[in-house]
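J.: The opening residue of the sequence shown carries number 889 in the working numbering; numbering runs sequentially from there. C-beta: ideal position from N, C-alpha, C; glycine also. Small disclaimer: the values here were computed from a predicted structure and weren't measured.
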Amino acid sequence: MVREVIDAERVRRRIGEMAVQVAADYAGTEPVFVGVLNGAAQFMLEVIGRLPAVLQERLLYDFVQVSSYQGRANRDQVSLHRECGVEVRDQDVLVFEGIVDTGRTVERVLETLGARGPRSLRVCTFLDKPSRRRCPVPVDYCGFSIPDLFVVGFGLDQDQRYRALRYIGVVE
Ligand code: IMP
Ligand code: MG
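1) Figure out for me which residue from G937, R946, I936, E918 has the closest Cα to the Cα of R1007.
2) How many angstroms separate the CA atom of F1038 from the CA atom of I894?
3) Three Cβ pairs or more, each shorter than 8 Å: is that satisfied between the region 977 to 997 and the region 921 to 935?
4) Roughly how many angstroms lie between the CA atoms of L948 and E975, to the nearest whole one?
5) For E999, is the beta carbon positioned less than 7 Å from some heavy atom of the ligand IMP?
6) Alpha carbon to alpha carbon, what distance is there between V997 and R1022?
7) In or out: G837 buried (at least 16 other Cβ within 10 Å) or exposed?
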């Protein structure tokens, strides 16, 4: 059973607000949006769907994929499986993530994209769990800040399940 913690209407409303903010900040630019698979796919495409047509006409988007593994000395490492295929040099790049937990994933993605010389590089996450942070990463846009709970829905999974939910919940 999944207990709802953020209902579908609040999710929908917040996506709308985030789209307004992103549209204002990226007005007149040709940004590159980069989603972190799989968790951010739904979130990024829904934000894109709510942007004004002028920005939809100009923006480019692609996805990267990463995976975490236990590295040496039991330290969690994050490796990149899929690179962003869109040119990011001198571009305004916005990374979309489903949830920022320890920050390691976003840190790794920012490191790789940053090395390719974008003009600007920002982070837009649907959820943030600040109490779990290990790597201090910048979060420029955040849908909801949540306590230390393992949540599912709206792209986020538990063993690949529940990504398609329209709301955020906790499996009980
Ligand atoms: P980080 O590298 O620790 O920030 O973790 C980010 C990744 O861990 C996310 O992209 C998710 O795949 C996963 N993750 C962290 N917390 C949750 C959660 O509450 N629900 C589902 N996935 C999570
Ligand atoms: Mg996952």
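T.: Inspection of the coordinates gives the following:
1) E918
2) 13 Å
3) yes
4) 10 Å
5) no
6) 15 Å
7) Nothing about residue 837 can be read from this structure; the chain reaches only from 889 to 1060.
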